[in-house]
Each structure stands twice: as structure tokens, then as C-alpha cells.
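Student:
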Amino acid sequence: MGRTGKGISNAKIILLGDHSVVYGQPAIALPLPSVTTRVTMTAIPSGQTMASRYFDGPIAQLNHHLAGEVQLIATLLDRFHGNNTPFHMAISSDLPAERGMGSSAAVAVAITRAMYDFFDHPLTRETLLDTAAIAEKITHGHPSGIDAATASSATPIWLLPHQAISQIPFNLDGYLVIADSGVKGQTGQAVAAVARRKTVFPQVTTRQIDRLGELTYAARDYLATGAITELGGALTQAQAQLAGLGVSSPELDHLIQVALQAGALGAKLTGGGMGGCLIALCATKASAVRVQQAVLAAGATATWTETFHHKEEA
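In short: position in the sequence shown from 1, add 9, done, that's this note's numbering.
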């Protein structure tokens with residue numbers, strides 16, 4: 010058994026397919042390798058302890074708010090016959106909670122990787138996703154699996170309901186600015202609002218959902234061919250449909266307009282909506298910096314910038 014074990018995972022955002030995926034349309038999730046969660050396990054003389062932003066102390070005293078992590082750790086300790094093995098687990102994360110960036114899945118993936126490393130066992134991707142799902146099912150009830158799949162991936166993830174989650178080709182150069190609106194996302198309320206709208210206005214709502222699906226299929230091709238301008242347009246068109254479904258917010262609407270005025274090729278909310286984050290696609294580093302500065306000045310509480318292909322400009 011190794012004296013230390015390390016696990017890392019990354020944030021994710023929904024590029025396209027928010028809400029429409031609930032009604033059978035595809036979704037694309039992007040990993041954000043620059044926004045990470047890290048877990049380090051270290052052998053200690055006695056006890057099993059954890060340090061994280063939510064809890065610091067003996068693992069046996071983890072509370073019900075972290076029930077998914079409790080079950081995941083217990084399952085892995087049983088798997089490795091490690092219930093009497095002393096260790097300290099340190100969890101650090103750049104991901105904000107309740108912002109649609111896959112925080113809980115990232116923690117589950119990083120814990121799984123760290124524990125497999127600590128107990129010196131090989132880990133396949135299939136086993137990783139099945140194991141991370143232990144925590145996600147407790148945290149989210151019936152997760153699609155897209156969060157864990159993306160938190161553990163270096164390439165975009167394609168999800169079509171009732172079909173296998175898969176990785177898709179990615180040949181895009183550019184920059185993505187992610188900005189926190191400062192308002193917690195309201196995924197449950199947003200999903201319920203779309204469902205009500207579909208009952209009251211079935212025809213127009215179905216057209217909006219179908220259009221989101223069309224944009225997502227098109228975006229898969231844009232990612233593969235590097236058509237960044239077209240992808241930006243698809244993002245903005247998707248935002249119009251999402252706003253029409255009633256899942257945007259005044260804060261998101263304002264910040265998206267600010268991003269577009271600052272030079273973004275396209276921008277939209279990401280995730281459940283009614284708060285949370287927006288994404289803005291930029292062609293150059295200079296443009297990304299302008300967009301980042303503009304949305305911060307307009308009220309965004311935090312930003313992250315992801316570089317695709319890490320292509321530096323002169």
C-alpha cells in the first residue's frame with residue numbers, strides 16, 4: 010500500500026442541451042481542466058480524518074449533508090479491506106457549489122481516484138464512473154451520469170437520453186469565460202417551470218425544446234471542425250430559447266448582454282438556470298480578458314477562463 014494517494018478531477022459546464030435533455034434531446038458537457046478538485050490521502054499513525062471546506066475532523070463524524078461522500082468512502086474502505094487503515098484525506102476544490110459546475114461529482118471522482126491510488130489498485134474508467142455514481146445517487150437521486158463522466162474526462166461528453174454517454178471529437182481553439190451571476194442556481198424550480206410551461210403551452214414549448222436539440226447537434230459538428238464563430242452563434246441562439254422557456258434570470262440576461270457587447274462570439278446560461286453561471290465564447294485571449302473584466306464590472310462575483318488547446322498568442 011502506498012504512503013500517499015492522489016486524485017484529481019475537473020469542473021464541467023453544459024455547453025448546450027440544458028433542459029431540452031430532459032425531453033429526449035442531446036446535451037454536450039465540457040470539462041474545465043483549469044478548475045479542479047484535488048484529494049490527497051496520507052498515511053497517519055491512527056484514525057481516519059478529513060479536511061475540506063465543509064468538514065474538518067474524524068470521518069466517522071461526517072454529517073448527513075455529506076451522505077454521498079460518507080457512503081462512497083465506506084464502500085471503498087470495504088472494497089480494499091481498509092476499515093482499520095489510518096489515513097488523513099485532504100480535499101481542496103476550485104469549484105463553487107450549486108453553480109452547475111459539477112462540484113459533487115468532481116469530489117466523488119477525485120476521492121475514488123485518490124483511494125485507488127492510496128490502496129495501490131488499478132482503476133479503469135468504467136469502474137471509476139460506477140464508483141463515483143455511489144455518491145451521486147445519494148446526492149442527486151437519479152443522476153444522468155454526465156457530471157461524473159465530464160469531471161473525469163479531457164474531452165467533451167455527449168449525452169443522449171437512454172443511450173450510452175460518450176466522448177466526442179474536439180478540435181477547437183479559443184477561450185471560454187465562465188462567470189458566476191452571484192445567484193444560486195434553482196435547477197429544481199427551473200425544471201418544474203419548463204414542465205408547467207409544456208403543459209400550458211405545448212406547441213411553442215415543444216418547438217423551443219426541439220430547436221435546442223437542433224443547436225446541440227450542430228454544435229457537435231462545430232466542435233469537431235473548429236468552427237468557433239458558428240459555435241458562438243449557436244450559444245446565443247440557445248440562450249434565446251432558454252429565456253423563452255423562462256429559465257434565465259435578470260442577472261443572467263444582463264451579464265450575457267454585457268459579454269456580447271464586450272466581444273464574445275456567443276453567450277448563454279449553463280445548467281439549470283434561474284441563477285448560476287453563464288458561459289461566453291471568445292476567439293482570442295485579448296477578447297476573453299475584455300469579457301472577463303466587463304462581466305466582473307457588471308456584477309459577476311467570480312470568473313474562470315478555459316483555454317482550448319492552450320494555444321498562446323504572440
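By construction, the Cβ of each residue, glycine as well, lies at the ideal position given by its N, Cα and C atoms.
Which complete beta strand (DSSP E) runs does the stretch 57-123 hold, if anything under 3 residues is left out?
Tutor: 57-60, 65-67 and 96-102
Student: Return the first residue and the last residue of the alpha helix (DSSP H) that R206 is part of.
Tutor: T196 to V209
Student: Tell me which same chain residues have a C-beta within less than 7 Å of the C-beta of Q195, skipping the five on either side of it?
Tutor: Counting only Cβ-Cβ distances below 7 Å, and skipping sequence neighbours, we find G281, M283 and G284.
Student: Within 10 angstroms of the Cβ of A136, are there 16 or more other Cβ atoms? Answer buried if so, exposed if not.
Tutor: Checking the sequence, you will find Thr at residue 136 rather than Ala. With fewer than 16 other Cβ atoms within 10 Å, it is exposed.
Student: If we ignore side chains and look at the alpha-carbon of each, how far apart do S258 and D189 end up?
Tutor: A straight line joining the alpha-carbon of S258 with that of D189 spans about 13 Å.
Student: Quick test of the definition: if touching needs 3 or more C-beta pairs under 8 Å, does the stretch 68-78 touch the stretch 32-50?
Tutor: no
Student: For S112 and E145, which I take to be in contact (beta-carbon distance under 8 Å), what is that distance rounded to the nearest angstrom?
Tutor: Not confirmed; about 11 Å, so no contact.
Student: Within this structure, are the beta carbons of I177 and L232 separated by less than 9 Å?
Tutor: Cβ distance < 9 Å, so I177 and L232 count as in contact.
Student: Along the chain, where does the alpha helix (DSSP H) containing D189 start, and where does it finish?
Tutor: Unbroken run through D189 is the beta strand (DSSP E), G183 to D189; no alpha helix (DSSP H).
Student: According to DSSP, which residues form a beta bridge with E315?
Tutor: L185
Student: Kindly identify the DSSP beta-bridge partner or partners of N19.
Tutor: T45
Student: Looking at E78: is its Cβ nearer than 9 Å to the Cβ of I17?
Tutor: no
Student: Which of helix, strand or coil does DSSP assign to P259?
Tutor: Reduced to three states, the DSSP call for P259 is helix.
Student: Measuring CB to CB, does H97 end up less than 9 Å from A123?
Tutor: no
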